[in-house]
Structures are given as C-alpha cells and as structure tokens.
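Q:
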Amino acid sequence: MNLTSRIILAMVLAMAGGIFLKLINDSGYLGELGHLILIEFFTEGILDVIGQIFIASLRLVIVPLVFFSLVCGVVSISSSSRLGTISLKTLSLYLLTTAIAISVALTFALIFKPGVGIDLALPTAFEASEAPSLKEVLINIFPTNPIAAMAEGNMLQIIVFSLLFGIALKSLGEEGGSLKNSFEVINNVILSLVRMLIELAPYGIFALLFSLFAVQGFGMIGDLAKYFFLLVFVLLFHGFVTYGSLLTLIGRLNPVQFFLKVRSLAVFAFSTSSSSATMPVTLDTVKNKLGVKPTIGSFTVPLGATINMDGTAIMQGIATVFISQAYNIDLSLVDYLMVILTATLASIGTAGVPGVGLIMLAMVLQQVGLPVEGIALIIGVDRLLDMTRTAVNVCGDAMVSCLVAKSEDEFEIDTFHSKN
Ligand code: ASP
Numbered sequence: 013m014n015l016t017s018r019i020i021l022a023m024v025l026a027m028a029g030g031i032f033l034k035l036i037n038d039s040g041y042l043g044e045l046g047h048l049i050l051i052e053f054f055t056e057g058i059l060d061v062i063g064q065i066f067i068a069s070l071r072l073v074i075v076p077l078v079f080f081s082l083v084c085g086v087v088s089i090s091s092s093s094r095l096g097t098i099s100l101k102t103l104s105l106y107l108l109t110t111a112i113a114i115s116v117a118l119t120f121a122l123i124f125k126p127g128v129g130i131d132l133a134l135p136t137a138f139e140a141s142e143a144p145s146l147k148e149v150l151i152n153i154f155p156t157n158p159i160a161a162m163a164e165g166n167m168l169q170i171i172v173f174s175l176l177f178g179i180a181l182k183s184l185g186e187e188g189g190s191l192k193n194s195f196e197v198i199n200n201v202i203l204s205l206v207r208m209l210i211e212l213a214p215y216g217i218f219a220l221l222f223s224l225f226a227v228q229g230f231g232m233i234g235d236l237a238k239y240f241f242l243l244v245f246v247l248l249f250h251g252f253v254t255y256g257s258l259l260t261l262i263g264r265l266n267p268v269q270f271f272l273k274v275r276s277l278a279v280f281a282f283s284t285s286s287s288s289a290t291m292p293v294t295l296d297t298v299k300n301k302l303g304v305k306p307t308i309g310s311f312t313v314p315l316g317a318t319i320n321m322d323g324t325a326i327m328q329g330i331a332t333v334f335i336s337q338a339y340n341i342d343l344s345l346v347d348y349l350m351v352i353l354t355a356t357l358a359s360i361g362t363a364g365v366p367g368v369g370l371i372m373l374a375m376v377l378q379q380v381g382l383p384v385e386g387i388a389l390i391i392g393v394d395r396l397l398d399m400t401r402t403a404v405n406v407c408g409d410a411m412v413s414c415l416v417a418k419s420e421d422e423f424e425i426d427t428f429h430s431k432n
C-alpha cells in the first residue's frame with residue numbers, strides 16, 4: 013500500500029473505531045475494567061501520548077524549515093524585482109480567495125438562514141475583548157529580535173527576517189557562496205527529517221483521530237444542525253468549486269488531478285486542526301507532488317499557513333449571520349461589507365492552531381455590534397468544523413502556490429501529472 017492509502021485507511025479506521033468505542037462506553041457496556049483499559053489506559057493514555065508527540069515533532073521542524081527554505085528560495089530568485097512580483101501575486105491571490113470565501117459564505121447564509129427561529133434574548137451586558145489595532149498588527153510584522161521571533165514561533169516575523177537575510181546573502185555574490193551551499197545542505201537535512209515524519213503519519217493520524225472521536229463528544233448538534241451542515245457544505249463548495257474554477261481558469265490545470273494529489277494533505281490538516289503544524293507536509297506536497305518549484309513553494313507555503321485562512325473566513329461569515337439571526341438583530345448592507353472586511357483581516361490574524369478562528373470571531377462580531385456571547389452558542393460543535401476548515405485553509409495554500417508557480421514558469425507539469 014502506498015503512503016496516501018495508508019493515511020486514508022488510518023483516518024477511516026480511527027474514526028470508525030473511535031465512534032464505536034464512544035458508543036459502547038456511553039451505553040455503559042464497557043464496565044469499570046473495560047473503561048479503565050480501553051479509555052483511560054489505551055485512548056487517553058497511549059494514543060494521546062503518540063498523538064501529542066507526533067504534533068510536537070511536526071512543530072519542531074517548522075521554524076528551521078521556514079528559515080532555511082525561505083533563505084534558499086530567495087537566493088535562487090534571479091532578481092529582487094522578481095521577488096516583488098512573486099510577493100505581490102501571492103498576497104493578492106490569498107486576499108482574493110479569502111474575500112471570495114467570505115462572500116460565498118454570506119450569500120449561502122442569507123439564503124438558508126441558519127439562525128432563524130432560535131430567538132435568543134439579548135444578553136444584558138457583555139464584555140468585549142480588545143481587538144489589536146491595524147497599526148499594531150502592521151508594526152508587529154517587523155521583528156526587533158530574530159531569535160525571539162524564532163523562539164516564539166512568530167511566523168510573520170520569521171518570514172520577514174528570512175526574506176531580508178536571503179536578499180542580503182544574495183547581494184554578497186561570490187563571497188556568500190560557501191554560506192549558500194551550507195544553507196542548501198541544512199535545508200536538505202530538514203527536508204529529509206520532514207520526510208521521515210511523513211512516513212510515520214498513518215500512526216500519528218490514527219492516534220489523534222481515534223482519541224478525539226472516542227473521548228470527545230461533538231456536542232449536541234440539535235438546533236445547530238442547520239448551521240453545522242450549511243458550514244460543512246460551504247467549506248466543501250469553496251474547496252471544490254472555487255478552487256477547481258481558479259485552477260482551471262487561471263492556472264489551466266486539471267482540478268481533479270489537484271484534488272487527488274492533496275487528499276492526504278487534507279487528511280493531515282483534518283487530523284491536526286492546525287495549518288501551522290501541517291506546514292511541513294504542505295511544503296512537501298506542493299514541491300514533490302504538485303510540482304511547484306522550491307523557489308516559489310518556500311515562500312507561498314509559510315505565508316499561506318500564516319495568513320491565508322479561507323475556511324476560517326467562511327466560518328466567521330456564517331457564524332456572524334447565524335448569531336445575528338439567533339438574536340434577531342438585523343444587519344445592514346454596510347454591516348455585511350464590514351463583515352467581509354473584518355473577517356478577511358481576522359482570518360489573516362488567526363494563528364494556524366486549533367480553535368483560534370473562533371476566538372477571532374469576536375473581532376468580527378464586535379465590529380458590527382453583535383453580542384460576543386453568541387460564540388458560546390456554537391462552541392459545542394466547533395471541533396469538527398475546525399478540523400474541516402483547516403483542511404480547506406491548507407488546500408487553499410497549495411492551490412495558490414500552484415497558480416503563482418504556473419504563472420512564474422516555476423512549475424513542473426510532469427510532477428503534477430505523475431502518479432505519486
Ligand atoms: N485551526 C485553524 C487552522 O489552523 C484556524 C482556525 O480556524 O481556528 O487553520
């Protein structure tokens with residue numbers, strides 16, 4: 013069996029096994045000893061440890077991976093004006109796809125009205141948390157201390173430092189030759205570490221998903237069924253229809269081939285719920301499966317994992333409409349435009365770790381004067397939605413990487429069409 017099949021098999025077995033164990037545990041058939049062995053020892057003990065170690069090992073490679081691959085990428089770009097074009101294209105595409113995502117989400121939410129009929133009374137008072145100002149956000153992108161940025165894993169700051177370092181190293185010309193070579197070697201060492209981790213993925217994914225489905229209930233869907241299924245539908249719609257169309261129209265690439273190539277990446281994102289932990293795998297997929305040359309991939313992927321969150325924006329759009337309908341608060345057209353703007357910004361500001369999108373939703377709600385308590389309404393069903401939207405977030409990064417690489421002639425079409 014190849015790795016992709018093993019990853020998918022691991023996901024199916026883990027979900028089926030986990031749900032089955034939860035069912036028999038909830039119905040009391042396990043007994044005290046069964047509970048002790050299967051739940052406490054096996055699931056919450058062994059599997060949880062394996063899952064956590066797997067995520068920790070993925071996170072371990074992120075900072076060196078971004079730094080070395082980005083520096084090597086920048087050094088290999090022929091001119092700084094080309095670097096400017098690539099950055100501009102990447103940023104524009106990331107913003108464009110997020111704006112489409114949120115607009116699609118609002119349209120569907122207004123048609124299907126997920127919150128109508130819930131009729132909640134307005135909370136008397138609510139404490140709004142302070143959203144960072146745009147000014148602060150912009151200043152914070154620039155590191156004052158590269159070591160601190162790396163220690164904290166502040167991705168945007170690391171990206172800025174790596175770009176500057178790469179540009180400076182390139183400007184040394186011949187003199188920088190030996191350092192460039194050493195960077196290439198270190199970069200290859202890290203990439204081979206990533207490969208080793210990916211080989212272990214079926215075990216990691218099994219452990220993560222089994223313990224999640226066996227232990228954690230997903231809350232009562234009940235009144236939230238419409239919200240839940242609408243959100244899943246829009247996420248899938250955006251993933252398949254929007255990305256499929258962009259790949260066909262802009263990239264002139266076969267979308268079916270793209271979806272086949274990213275399926276194990278999507279499973280990865282689904283199991284970890286974190287674009288940032290998935291980043292090493294995204295980088296590997298865009299380079300080795302989709303054919304994006306490292307020059308482009310090493311720039312687009314870390315940036316995408318940090319700022320491009322279409323799935324999160326979709327959740328924020330639908331959740332905003334849901335909450336406004338549940339509290340019977342009407343939003344005006346200007347409010348909806350504000351939602352598009354703030355949800356785009358909020359999704360950029362969302363860290364690629366589990367559940368943060370929901371916290372950032374507070375910023376959107378506040379902007380249009382909706383009660384932040386509304387978040388409590390949907391938190392119970394958010395775990396599974398978080399997993400699904402993370403898969404969309406990550407596939408969006410891979411899609412944009414293909415478009416940028418194709419337009420820059422840094423794309424290996426044979427790799428894209430290959431079987432692996
Ligand atoms: N878990 C998401 C991600 O890492 C972020 C979020 O929407 O909570 O991409």
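Heads up, the sequence shown is in my numbering, so the first residue is 13 and it goes up one at a time.
Each residue gets a CB set at the ideal place from its N, CA and C atoms; glycine is no exception.
(1) At a cut-off of 7 Å, would you count MET321 as near the ligand GTP, judging by its Cβ distance to the nearest heavy atom?
(2) Let me check understanding here. Comparing Cα to Cα, which of CYS407, LEU248, SER104 and ALA226 lies closest to GLU56?
(3) Touching or not, the stretch 151 to 168 and the stretch 41 to 56, by the rule of three or more beta carbon pairs under 8 Å?
(4) Run the proximity test for ASP398: is its beta-carbon closer than 7 Å to any non-hydrogen atom belonging to the ligand ASP?
(5) Measure the C-alpha to C-alpha separation of THR97 and VAL298 and round it to an integer number of angstroms.
(6) Could you tell me which residues DSSP pairs with PHE32 in its beta bridges?
(7) Do VAL393 and the ligand ASP come close, with the Cβ less than 7 Å from some heavy atom?
(8) Whole angstroms is fine: what's the gap from PRO383's alpha carbon to LEU72's?
(9) Mind checking HIS250: buried by the 16 CB within 10 Å criterion, or exposed?
(10) Tell me the DSSP secondary structure of PHE423 in three-state form.
(11) Report yes if the CB atom of ASP322 is closer than 8 Å to the CB atom of ALA113, and no otherwise.
(12) Roughly how many whole angstroms lie between the Cα atoms of ALA133 and ALA374?
(13) Taking Cβ positions, are THR312 and VAL412 nearer each other than 8 Å?
(14) Can we count SER288 as close to the ligand ASP, meaning its CB is less than 7 Å from some heavy atom?
(15) Write down every uninterrupted run of the alpha helix (DSSP H) in the stretch 270 to 308 whose length is 4 residues or greater and which is fully enclosed by it, in chain order.
(16) Would a C-beta distance cut-off of 8 Å place THR332 and GLY369 closer than the cut-off?
(17) Let me know the secondary structure DSSP gives SER91 once reduced to three states.
(18) For the ligand ASP, I want to know if LEU35 counts as a neighbour, meaning its beta carbon is within less than 7 Å of at least one of the ligand's heavy atoms.
(19) Got a sec, what are the start and stop residues for the alpha helix (DSSP H) GLN228 sits in?
(20) Return the CA-CA distance between MET13 and LEU25, expressed in angstroms with no decimal places.
(21) Please classify TYR339: does DSSP put it in a helix, a strand, or coil?
(22) Report yes or no: do the stretch 82 to 99 and the stretch 173 to 182 share at least 3 C-beta pairs separated by less than 8 Å?
(23) Let me check understanding here. Comparing Cα to Cα, which of LEU175, LEU15 and LEU343 lies closest to VAL78?
A: Once the coordinates are examined:
(1) In the structure on display, the ligand GTP does not appear, and the ligands it does have are the ligand ASP.
(2) Of the listed residues, the one whose Cα sits closest to GLU56 is ALA226.
(3) Result no; under three Cβ-Cβ pairs closer than 8 Å.
(4) Relative to the ligand ASP, the nearest heavy atom lies less than 7 Å away from the CB of ASP398.
(5) Between THR97 and VAL298, the C-alpha separation is close to 20 Å.
(6) Per DSSP, PHE32 has no beta bridge partner at all.
(7) No, the Cβ of VAL393 stays beyond 7 Å of every heavy atom of the ligand ASP.
(8) Distance from the CA atom of PRO383 to the CA atom of LEU72, rounded to whole angstroms, is 38 Å.
(9) Note on HIS250: 16 or more other CB atoms within 10 angstroms of its CB, so buried under the neighbour-count rule.
(10) The DSSP-derived three-state label of PHE423 is strand.
(11) Contact: yes.
(12) If you take the alpha carbons of ALA133 and ALA374, they lie about 19 Å apart.
(13) It is a contact, given that the beta carbons lie within the stated cut-off.
(14) Shortest gap from the CB of SER288 to any heavy atom of the ligand ASP: under 7 Å.
(15) As far as the stretch 270 to 308 is concerned, its whole alpha helix (DSSP H) runs of at least 4 residues are 275 to 284 and 287 to 300.
(16) In terms of Cβ geometry, THR332 and GLY369 do not form a close pair [threshold 8 Å].
(17) SER91: coil per DSSP, three-state reduction.
(18) LEU35: no, Cβ never under 7 Å from the ligand ASP.
(19) Per DSSP, GLN228 is not a residue of any alpha helix (DSSP H), being assigned neither H nor E.
(20) Going from the Cα of MET13 to the Cα of LEU25 covers about 15 Å.
(21) In this structure, TYR339 counts as coil in the three-state DSSP scheme.
(22) Yes, the stretch 82 to 99 touches the stretch 173 to 182.
(23) Nearest of LEU175, LEU15 and LEU343 to VAL78, Cα basis: LEU175.
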